[in-house]
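Shown next, in structure tokens, is the structure this report addresses.
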Amino acid sequence: MEQAPSVDVRDFSLWYGNFQALLSVSAAFKPGIITGLIGPSGCGKTTLLRSFNRINERYGNVKTTGNITILGKNILDTDVSIASLRKRVGMVFQRPNPLPISIYENIVFGVKSHTPGRERKRSAMDQMVESALREVSLWDSVKDDLQRKATELTLEQQQKLCIARLLPLKPDIILMDEPCSALDANGIERIEELITELKSRFTIIMVTHNMAQARRASDECIFMLMGEIVEHCPTKEMFFNPKNEKTAMYIEGRYG
Amino acid sequence: MPAGDFSPFFCNVQGKRAEPGPSKLTILSPDSPPFKEGPLTIMSTQSRHILGVFEESLSHLNSNILRMGRQAQANLDHAIRGLLERNIDLCNRTVADDEIVDELEKQIDREGIELIMKFSPVARDLRRVISTMKAASAIERISDHAVSLARRARLIIANPALPESELLRVLGDLAAAMLKDAVSSFCEGNLEAALMIQGRDTELDAAYREFNKAMVLRITQDPARAQDYVDLLFCARFIERIGDQSVNVSEDAVYLLTARDIRHGGERPEVK
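These protein sequences, in sequence, are chains A and B. Under our numbering, read the first sequence as residues 1 to 256, first letter to last. Under our numbering, read the second sequence as residues 1001 to 1272, first letter to last.
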């Protein structure tokens, strides 16, 4: 049985000023799997990703048409609270960006900003920090010094922390913008392994420039070119028998 | 109300989501008495790779080739016993069970391609995928020869007993042992055992030539049963071919273990 998509994009267009970055894009993202977004630079994959929690709007000159339905609600509607949207739709960036505060505070930061002070209990917070860090297998290496500044961790640990801090907010969707590009080969493998372990509970959408990573780590793949979706299919299909000639050219390294 | 759950329109998605992991086909439980062995010893592929899924796929490939090898051994055994014991059920079983081998071959190819596509394996991992796919193709041919043997056997045992059938036992035993050792050398990574298979094929070829001579003689002595002797000679020919294909499997094993291509007189690696 087909599962209902958790992110459903319909005829979505986006302009930066006069430049149209996305041309009437439609796609359905399934829960419980990792969907990879691939394509040459400037194809619109990051723009599409950033539309899902509306952080593109920070640029000011962004205009959109169409719908993006997340968990049954069009997130472009005027009555949508950006704060609650971003709580449901977490994001991990290219370069690990923990806040320059302690490991502990990084984890509870999100919850604190979503919960009034009197409802917060120290023991619950401690529990939350431990379970989030355990989930990203960071607990054992940092448990003895949770007050250490997060920016002192290795890049791999920082990126794990950036994933861990999303978890207490219980997001449904996690957006990843080249989450491994700042890491070395071992770091990449461990982050990929972590994402694979987490995926059954989330909808993970990952932009990557790395074809090998898309092949290894994603279940479905979307190939974009010049603001349009060219092909969306199971990753196995895309890398074994792509339907579109442009997709074939790109993944074979003959284009882009 | 859980902390911070103040958004009216973002309902939490509840319920377990099914893990879309690869479907693993289970075809065969090796139930043929003569081939009951201890627990599967899958060769560990050196140190454990960080990517568990990759490691798992590789060992799945290895256990499938072992299952395929054991099924081919069983098919050969049933065909030969069918002939010698004049048991048509055993012959029929060989013909039917060939399908299991065919399915495993397709599965190995599918998973091998997927492994290459997904993980771009290198070095020994790459050789493992390629040589497993090649060995699978050889074992599939072996099982086909067993089927041909079983079909001829059905013709022979439909006629009055043919004492010369017993001469085939030696050839059958030689080929069965070669096949068994070739498959286990491949799966367990035993270079020494793999390198010994080629020499044993020479022995099988010699036995086949002797058998051939005997049949030619019998045809001249007893032309009334010429057809049976010809069928028996065909049986011997299929067994001889199984020996050749077992050599191929052992050559794939050597390639996997040492990256050395010893086919057609290629230089053989030294055993430490």
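Idealized CB from N, CA, C, for every residue including glycine.
Take the Cβ of residue i as the centre, count every other Cβ of all protein chains shown within 10 Å, and call the residue buried at 16 or more, exposed below.
{"i": "residue 1106 of chain B", "result": "exposed"}
{"i": "residue 254 of chain A", "result": "exposed"}
{"i": "residue 1184 of chain B", "result": "buried"}
{"i": "residue 1218 of chain B", "result": "buried"}
{"i": "residue 1163 of chain B", "result": "exposed"}
{"i": "residue 19 of chain A", "result": "exposed"}
{"i": "residue 108 of chain A", "result": "buried"}
{"i": "residue 1199 of chain B", "result": "exposed"}
{"i": "residue 241 of chain A", "result": "exposed"}
{"i": "residue 308 of chain A", "result": "Since the first residue shown for chain A is 1 and the last is 256, residue 308 of chain A is missing from the structure and cannot be characterised."}
{"i": "residue 1122 of chain B", "result": "exposed"}
{"i": "residue 192 of chain A", "result": "buried"}
{"i": "residue 1208 of chain B", "result": "buried"}
{"i": "residue 250 of chain A", "result": "buried"}
{"i": "residue 1189 of chain B", "result": "buried"}
{"i": "residue 17 of chain A", "result": "exposed"}
{"i": "residue 247 of chain A", "result": "buried"}
{"i": "residue 1112 of chain B", "result": "buried"}
{"i": "residue 270 of chain A", "result": "A query on residue 270 of chain A cannot be resolved here, the shown segment of chain A reaching from 1 to 256 and no further."}
{"i": "residue 87 of chain A", "result": "buried"}
{"i": "residue 232 of chain A", "result": "buried"}
{"i": "residue 1145 of chain B", "result": "buried"}
{"i": "residue 1004 of chain B", "result": "The pLDDT assigned to residue 1004 of chain B is 38, lower than 50, so where the model puts this residue is not dependable; a value taken from the coordinates is nonetheless given after this. Buried, since its Cβ has 16 or more Cβ neighbours within 10 Å."}
{"i": "residue 46 of chain A", "result": "buried"}
{"i": "residue 98 of chain A", "result": "buried"}
Please look up how many angstroms separate the CB atoms of residue i and residue j, rounded, as I've assumed it's under 8 Å.
{"i": "residue 51 of chain A", "j": "residue 29 of chain A", "result": "Not a contact, Cβ separation roughly 12 Å."}
{"i": "residue 1065 of chain B", "j": "residue 1135 of chain B", "result": "6 Å"}
{"i": "residue 66 of chain A", "j": "residue 8 of chain A", "result": "Residue 66 of chain A to residue 8 of chain A, Cβ: 11 Å. No contact."}
{"i": "residue 34 of chain A", "j": "residue 219 of chain A", "result": "5 Å"}
{"i": "residue 142 of chain A", "j": "residue 103 of chain A", "result": "6 Å"}
{"i": "residue 169 of chain A", "j": "residue 72 of chain A", "result": "19 Å between Cβ atoms; not a contact."}
{"i": "residue 1067 of chain B", "j": "residue 1256 of chain B", "result": "Not a contact, Cβ separation roughly 18 Å."}
{"i": "residue 36 of chain A", "j": "residue 206 of chain A", "result": "5 Å"}
{"i": "residue 1271 of chain B", "j": "residue 1166 of chain B", "result": "Contact doesn't hold; Cβ gap of about 37 Å is too wide."}
{"i": "residue 1243 of chain B", "j": "residue 1204 of chain B", "result": "4 Å"}
What does residue i reach in chain B if we use C-beta pairs closer than 7 Å?
{"i": "residue 212 of chain A", "result": "1120"}
{"i": "residue 50 of chain A", "result": "Within 7 Å Cβ-Cβ: nothing; residue 50 of chain A doesn't reach chain B, min ~19 Å."}
{"i": "residue 215 of chain A", "result": "1117 and 1118"}
For residue i, which three-state DSSP category applies?
{"i": "residue 45 of chain A", "result": "helix"}
{"i": "residue 37 of chain A", "result": "strand"}
{"i": "residue 234 of chain A", "result": "strand"}
{"i": "residue 1069 of chain B", "result": "helix"}
{"i": "residue 221 of chain A", "result": "strand"}
{"i": "residue 1259 of chain B", "result": "coil"}
{"i": "residue 6 of chain A", "result": "coil"}
{"i": "residue 213 of chain A", "result": "helix"}
{"i": "residue 149 of chain A", "result": "strand"}
{"i": "residue 1159 of chain B", "result": "coil"}
{"i": "residue 1206 of chain B", "result": "helix"}
{"i": "residue 136 of chain A", "result": "coil"}
{"i": "residue 1112 of chain B", "result": "helix"}
{"i": "residue 1182 of chain B", "result": "helix"}
{"i": "residue 19 of chain A", "result": "strand"}
{"i": "residue 1101 of chain B", "result": "helix"}
{"i": "residue 13 of chain A", "result": "strand"}
{"i": "residue 143 of chain A", "result": "helix"}
{"i": "residue 24 of chain A", "result": "strand"}
{"i": "residue 68 of chain A", "result": "strand"}
{"i": "residue 1052 of chain B", "result": "helix"}
{"i": "residue 264 of chain A", "result": "Absent from the model: residue 264 of chain A. The displayed extent of chain A is 1 to 256, so no value can be given."}
{"i": "residue 63 of chain A", "result": "strand"}
{"i": "residue 208 of chain A", "result": "coil"}
{"i": "residue 1076 of chain B", "result": "helix"}
{"i": "residue 55 of chain A", "result": "coil"}
{"i": "residue 226 of chain A", "result": "coil"}
{"i": "residue 1003 of chain B", "result": "Bear in mind that the predicted position of residue 1003 of chain B carries a pLDDT of just 38, short of 50, making it too unreliable to give a figure here."}
I want to verify the contact list: residues of chain A whose CB lies under 8 Å from the CB of residue i, in sequence order.
{"i": "residue 1052 of chain B", "result": "193"}
Note down, in chain order, every chain B residue with its Cβ under 8 Å from the Cβ of residue i.
{"i": "residue 196 of chain A", "result": "1053"}
Taking 6 Å as the cut-off, does the CB of residue i come closer than this to any heavy atom belonging to the ligand NAD?
{"i": "residue 1223 of chain B", "result": "Ligands are entirely absent from the displayed structure, and the ligand NAD is therefore not among its contents."}
Using a Cβ cut-off of 7 Å (strictly closer), state whether residue i contacts chain D.
{"i": "residue 95 of chain A", "result": "Reference to chain D is not applicable here, since the protein chains of this structure are A and B."}
What are the residues of the segment 1103-1134 of chain B that lie near chain A, defined by any Cβ-Cβ distance shorter than 9 Å?
Within the segment 1103-1134 of chain B, the qualifying residues are 1113, 1114, 1117, 1118, 1119 and 1120.
Tell me which residues of the segment 223-240 of chain A have at least one Cβ-Cβ distance to chain B shorter than 9 Å, keeping chain order.
Cβ contacts with chain B: 235, 236, 239 and 240.
Members of the segment 118-146 of chain A near chain B, C-beta cut-off 9 Å:
Against chain B - using a Cβ distance shorter than 9 Å - the residues of the segment 118-146 of chain A are 119, 120 and 124.
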